[in-house]
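Going letter by letter, the sequence shown gives residues 0 to 369 in numbering that gives the first Met the number 0. Cβ coordinates follow ideal geometry from the N, Cα and C atoms, glycine included. Keep in mind the model is a prediction, meaning the values are calculated, not measured.
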Amino acid sequence: MRRGLLSLAWGSAQAGASLTLASSAWLVSGLSPSPLVNSLLPVFGTAASLLPLPQHPLLGSLVQMAATLVLVGVGLAAPVPAGLDGGGSANLWLLILALLAVLLFGLGLQIAQFPLQRYLVGHQGVSMRRLRSGSDLGALLGHLLTGLLFPIGKAVLQFSQALVLLLPLLPAALQSGQARPARAEPSAPDLALASPEQGLNWRCCLQGVLFGSLFSLLPLWVRQQGAGNCFDFGMLLTAYGLGRLLSASWPVLSLPFPGAGVGRYLLLSGLLAATQWLPGWSSLALFLPMGALAGSSDARLAASLAHLADEPLRWQTLERSSAVGALVGSLVMGSLAQWLGLPLALPLQVVAFLAAALPLAIRGAARPAS
0 MRRGLLSLAW GSAQAGASLT LASSAWLVSG LSPSPLVNSL LPVFGTAASL LPLPQHPLLG
60 SLVQMAATLV LVGVGLAAPV PAGLDGGGSA NLWLLILALL AVLLFGLGLQ IAQFPLQRYL
120 VGHQGVSMRR LRSGSDLGAL LGHLLTGLLF PIGKAVLQFS QALVLLLPLL PAALQSGQAR
180 PARAEPSAPD LALASPEQGL NWRCCLQGVL FGSLFSLLPL WVRQQGAGNC FDFGMLLTAY
240 GLGRLLSASW PVLSLPFPGA GVGRYLLLSG LLAATQWLPG WSSLALFLPM GALAGSSDAR
300 LAASLAHLAD EPLRWQTLER SSAVGALVGS LVMGSLAQWL GLPLALPLQV VAFLAAALPL
360 AIRGAARPAS
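Pasting the structure below:
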């Protein structure tokens with residue numbers, strides 16, 4: 000019973016995080032039409048992966064809540080619809096505040112996520128598979144709420160609900176701090192994690208480049224190229240999240256046959272290209288198989304890190320490496336879209352998936368970057 004409640008609290012926090020970040024992305028796309036500025040949002044959100052931060056669940060949870068409160072204030076002050084005044088000085092200050100709040104939220108995630116995972120797995124007996132399912136289900140709920148809440152109460156309701164979703168995990172964060180003295184001496188993986196340069200894997204980084212560059216401009220692309228609204232953006236993310244959830248619970252989507260690694264990324268590039276040819280909701284539906292392929296790729300990469308001591312550390316390495324890659328991919332794609340124009344961003348992304356198919360499919364034991 001207790002494990003089930005802890006899993007629900009974990010999933011609730013993941014829903015709050017995904018709702019916060021997705022709503023922030025939509026808010027920023029309304030405050031600035033610049034692809035480069037929009038690409039800064041995921042950069043700010045993942046910059047914490049490069050820093051040697053303390054591992055403290057309660058502090059990290061409180062930092063996330065403080066950042067969400069700042070975003071509630073930005074939502075209150077934002078024009079309705081955002082960007083209506085054409086981007087004056089008021090929008091500039093709101094944009095700066097939103098970016099700084101996302102940076103703060105990313106710091107909180109980085110401080111809290113891994114030690115909380117280890118506490119739940121090591122002290123409370125929650126399986127890593129259950130936590131991963133909770134993460135995927137929570138992200139799915141957060142993305143769904145992104146689309147459903149905006150028509151009702153705009154950004155204010157989105158961020159207020161995110162704050163509520165972050166609350167259930169606070170007791171576990173507090174208990175994990177109290178349980179820490181009872182633990183044994185830190186193991187080698189614990190010590191290695193203190194340094195951001197260690198625990199990186201080049202294939203995870205490369206995959207992070209691909210998905211970071213894709214999702215950095217997605218809200219702006221939906222708003223400008225697809226003439227969509229926040230509901231469309233939320234449903235797109237929901238379809239992607241549902242695909243990831245299905246890949247975790249339906250092993251056939253792991254594509255175990257020979258050449259599956261190459262095929263996975265070739266399929267992703269083909270599906271992404273097809274979104275330009277299909278109208279409206281048909282193109283949105285393609286993000287469901289894209290999410291399934293991305294989820295199975297994550298599982299494959301995490302399994303390749305068998306040299307690491309435990310499962311939470313493998314997923315932490317995957318997430319840290321992907322975040323570093325996403326930072327690079329966001330900046331590169333934002334700069335290219337700023338220079339060449341937003342309409343060329345998606346074709347460039349298709350080419351990137353094609354080019355990365357072979358190196359990402361290389362098998363063998365992964366080694367941390369030195």
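Checklist entry - Considering only the beta carbon of each residue, do L136 and L277 sit closer than 8 Å? => result no
Next on the checklist: Just verifying my parser: in three-state terms, what is the DSSP assignment at T67?
Outcome noted: helix
Item to check | Three-way DSSP call (helix, strand, coil) for T237 in this model | outcome: helix
Next on the checklist: Considering only their Cβ atoms, is the gap separating S48 from Q109 smaller than 8 Å?
Outcome noted: yes
Next on the checklist: Between the alpha carbons of F113 and Q223, how many angstroms are there, rounded?
Outcome noted: 37 Å
Next on the checklist: By the DSSP assignment, the alpha helix (DSSP H) with H142 in it spans what residues?
Outcome noted: M127 to L165
Item to check | Local conformation of D231 per DSSP, three classes | outcome: helix
Checklist entry - Which whole-angstrom value is the C-beta distance of S33 and Q337, which I expect to be below 8 Å? => result 6 Å
Next on the checklist: Only counting the same chain, and skipping five residues up and downstream in sequence, which positions put a Cβ closer than 7 Å to that of P53?
Outcome noted: I110
Item to check | the region 210 to 217 in contact with the region 340 to 348 per 3-pair CB rule at 8 Å | outcome: yes
Item to check | N-terminal and C-terminal residue of the alpha helix (DSSP H) that A293 is part of | outcome: F286 to A302
Next on the checklist: Just verifying my parser: in three-state terms, what is the DSSP assignment at L49?
Outcome noted: helix
Checklist entry - What separation, rounded to the nearest whole angstrom, lies between the Cα atoms of C229 and A325? => result 23 Å
Item to check | Buried versus exposed call for L75 [16 or more other C-beta atoms within 10 Å across all chains shown] | outcome: exposed
Checklist entry - Regarding R128 and the ligand NAD, is the C-beta to nearest heavy atom distance less than 7 Å? => result In the structure shown, the ligand NAD is absent, as is every other ligand, since no ligand is present at all.
Checklist entry - In terms of residue numbering, what span does the alpha helix (DSSP H) encompassing R202 cover? => result W201 to S215
Item to check | Nonlocal neighbours in the same chain, by C-beta distance under 6 Å from A272, ignoring five residues either side | outcome: V349
Next on the checklist: Can you give me the C-alpha to C-alpha distance between G225 and L40, rounded to a whole angstrom?
Outcome noted: 20 Å
Next on the checklist: Whole angstroms are fine: how far does the CA of L335 sit from the CA of L343?
Outcome noted: 9 Å
Item to check | Outcome for G133 when other beta-carbon atoms lying within 10 angstroms are tallied against a minimum of 16 | outcome: buried
Next on the checklist: For V155, tell me which candidate among Q206, P288 and T19 has the shortest Cα-Cα distance.
Outcome noted: T19
Item to check | Inside the region 298 to 359 only - alpha helix (DSSP H) runs reaching at least 4 residues | outcome: 310 to 339
Checklist entry - For Q177, does the count of other Cβ atoms within 10 angstroms reach 16, so buried, or fall short, so exposed? => result exposed
Item to check | Short Cβ contact (8 Å threshold) for L317 with L292 | outcome: no
Checklist entry - Under a three-way DSSP split, which group does A272 fall into? => result helix
Item to check | Residue burial classification, A65 (beta-carbon count within 10 angstroms, cutoff 16) | outcome: exposed
Checklist entry - In its own chain, which residues sit with a C-beta less than 6 Å from the C-beta of P56, not counting the 5 before and 5 after it? => result A111, P114, L115, A172 and S175
Next on the checklist: Looking at A322: is its Cβ nearer than 8 Å to the Cβ of T45?
Outcome noted: yes
Checklist entry - In chain order, what residues of the same chain lie with their CB nearer than 7 Å to the CB of S320, ignoring the 5 residues before and after it? => result L199, N200, C203, C204 and G207
Next on the checklist: Taking a contact to mean a Cβ-Cβ separation below 8 Å, would you say A284 touches A238 in this structure?
Outcome noted: yes
Checklist entry - Going by C-alpha distance, which of A77, A247 and G107 is nearest L94? => result A77
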